[in-house]
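Mapped onto our numbering, the consecutive letters of the sequence shown carry residue numbers 65 to 321.
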Amino acid sequence: MQNNTIYSGLIDAHCHLYSLPDVEDAILCARDAGVSKAIVVTEDMDSMERTLRLRDEFPDFVLPGLGIHPVHVLTMDDSQWKSAFGFLKNHSSEILCVGEIGLDYKYAKTAEEQERQLYALREQMDLAADNNLPINLHSRRALRQTMNEAIAFHKKTSLNALLHWFAHSKKLLKTTNESGIYVSVGPSILFSEESLELASSINPDLILVETDTPVYYHGNPSSPACVKKVADKLISRYPENTLSKEKITENTLKYLK
65 MQNNTIYSGL IDAHCHLYSL PDVEDAILCA RDAGVSKAIV VTEDMDSMER
115 TLRLRDEFPD FVLPGLGIHP VHVLTMDDSQ WKSAFGFLKN HSSEILCVGE
165 IGLDYKYAKT AEEQERQLYA LREQMDLAAD NNLPINLHSR RALRQTMNEA
215 IAFHKKTSLN ALLHWFAHSK KLLKTTNESG IYVSVGPSIL FSEESLELAS
265 SINPDLILVE TDTPVYYHGN PSSPACVKKV ADKLISRYPE NTLSKEKITE
315 NTLKYLK
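Next up, the structure:
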């Protein structure tokens with residue numbers, strides 16, 4: 065995607081739009097809130113197929129990213145993995161990033177399970193590199209390990225990496241800032257002063273906004289429209305004229321370039 069493409073609003077940098085019961089209504093609400101597009105990332109074969117259908121149905125809103133989620137890697141046998149990875153490979157020319165990929169040590173508890181996730185992550189990062197695509201990363205309970213993979217990918221390929229929902233440690237965020245790794249911030253900052261404080265330490269040139277739709281916050285499911293509130297909260301926390309909605313959108317387009 066070229067940086068000179070003009071968008072009229074914010075972009076949700078990480079969501080699972082296919083999980084909502086009424087996608088069309090969610091898109092209308094997003095547009096009313098000033099959200100013009102969403103990067104839709106996937107988890108498995110079914111969600112990859114559904115995302116491409118949504119791309120066809122809503123081409124002006126859906127920015128497709130295909131990938132195999134680390135939790136789903138653990139539930140696949142060899143045949144299922146080969147089928148899903150083959151689908152991703154065959155459709156790599158149709159997408160804007162590879163994601164949602166990464167590591168998840170909440171579910172990968174044994175060394176063998178963690179090695180399976182790492183293998184799947186690196187296979188998908190190699191595919192991204194072969195197709196000049198950025199990556200969109202999951203890192204639950206494996207923050208440093210996933211960050212190190214993102215940094216290595218970026219250094220080796222000069223392609224961009226995004227760590228979604230990563231604002232948990234100022235020390236690690238200092239490293240991502242120094243390494244040129246993008247970080248997306250979600251609705252948790254609306255309810256947690258600690259999360260907001262951490263998010264405000266992200267380099268304003270590297271920060272994106274997301275919802276991780278349909279994740280629940282305070283009993284309510286998120287949707288792409290929520291990124292307006294996230295952006296407003298972030299902008300109010302940064303020094304004056306440091307961050308704006310236009311800059312956040314510009315960051316997202318640079319991530320996707």
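Every residue gets a Cβ at the ideal spot worked out from N, C-alpha and C, and that includes glycine.
Because the structure is a prediction, the values reported are computed rather than measured.
Opposite residue i in the DSSP bridges: which residues?
i, result
"P128", "V104"
"G166", "H202"
"Y183", "None, per the DSSP bridge assignment."
"I246", "According to the sequence provided, residue 246 is Tyr. The question's Ile does not apply to it. DSSP, once it has assigned bridges, lists L226 as partnering Y246."
"L74", "V99"
"P268", "P268 pairs with nothing; no bridge assigned."
"P285", "Y280"
For residue i, collect the residues of the same chain with a Cβ closer than 6 Å to its Cβ; drop the 5 residues on either side in sequence, then sort them by chain order.
i, result
"N315", "L272"
"G332", "No information on residue 332 is available, as it lies outside the stretch 65 to 321 that the chain covers here."
"K311", "none"
"D281", "This sequence places Tyr at residue 281; Asp is not what is there. Taken in chain order, the residues that qualify are P251."
"S243", "I215"
Residues in its own chain within less than 7 Å of residue i by CB, not counting five upstream and five downstream?
i, result
"T221", "A193"
"F151", "M109, M112"
"Y71", "With a pLDDT of only 47 at Y71, under 50, the local geometry of the prediction cannot be trusted, and no value is derived from it."
"T275", "D76, C79, G250, P251, S286, S287, P288, C290, V291"
"Q178", "Y169, A172"
"N267", "N241"
"E257", "none"
"R114", "Y82"
"L236", "L207, R208, M211"
"Y302", "S264, P268"
"A231", "L237, V247, V249, S259, L262, A263, I266"
"T239", "M211"
Note the first and the last residue of the continuous alpha helix (DSSP H) segment covering residue i.
i, result
"V279", "It is not in any alpha helix (DSSP H) - V279 carries neither H nor E in the DSSP assignment."
"I91", "87-96"
"F151", "142-154"
"I312", "309-320"
"S300", "291-301"
"I215", "207-221"
"T115", "109-121"
"S259", "257-263"
"P134", "134-137"
Residue i lies in the beta strand (DSSP E); which residues open and close that run?
i, result
"L226", "225-228"
"L272", "271-273"
Could you tell me how far apart the beta carbons of residue i and residue j are, in whole angstroms, since I believe they sit closer than 8 Å?
i, j, result
"L118", "V162", "About 17 Å separates the two Cβ atoms, so there is no contact after all."
"S156", "N200", "Actually they are not in contact, since the Cβ atoms of S156 and N200 sit about 14 Å apart, beyond 8 Å."
"L160", "L307", "No, L160 and L307 are not in contact; Cβ-Cβ is about 23 Å, not under 8 Å."
"V187", "F149", "In the sequence under discussion, the amino acid at residue 187 is Glu, which differs from the Val named in the question. Between F149 and E187 the Cβ distance is about 7 Å, and since that is below 8 Å, they are a contact."
"I245", "H218", "6 Å"
"V104", "V126", "5 Å"
"K309", "L254", "With 8 Å as the limit, K309 and L254 do not qualify as a contact, their Cβ atoms being about 16 Å apart."
"L138", "R205", "14 Å between Cβ atoms; not a contact."
"L116", "E158", "7 Å"
"L191", "K153", "6 Å"
Among the residues of its own chain, which have a CB less than 8 Å from the CB of residue i, if the five just before and after it don't count?
i, result
"D96", "A289"
"M189", "V162, I165, I199, E213, F217"
*Tell me, please, whether the stretch 242-256 touches the stretch 82-96 by the rule of three or more beta-carbon pairs shorter than 8 Å.*
No: fewer than three Cβ pairs fall under 8 Å.
*Cβ contact check for the stretch 257-275 and the stretch 210-220: 3 or more pairs under 8 Å*: Counting Cβ pairs under 8 Å, fewer than three are found: no touch.
*asked:* With a threshold of 8 Å, are at least 3 pairs of Cβ atoms found where one atom belongs to the stretch 168-176 and the other to the stretch 127-147?
replied: For the pair of segments examined, the stretch 168-176 was found to touch the stretch 127-147: the number of CB pairs separated by less than 8 Å reaches three.
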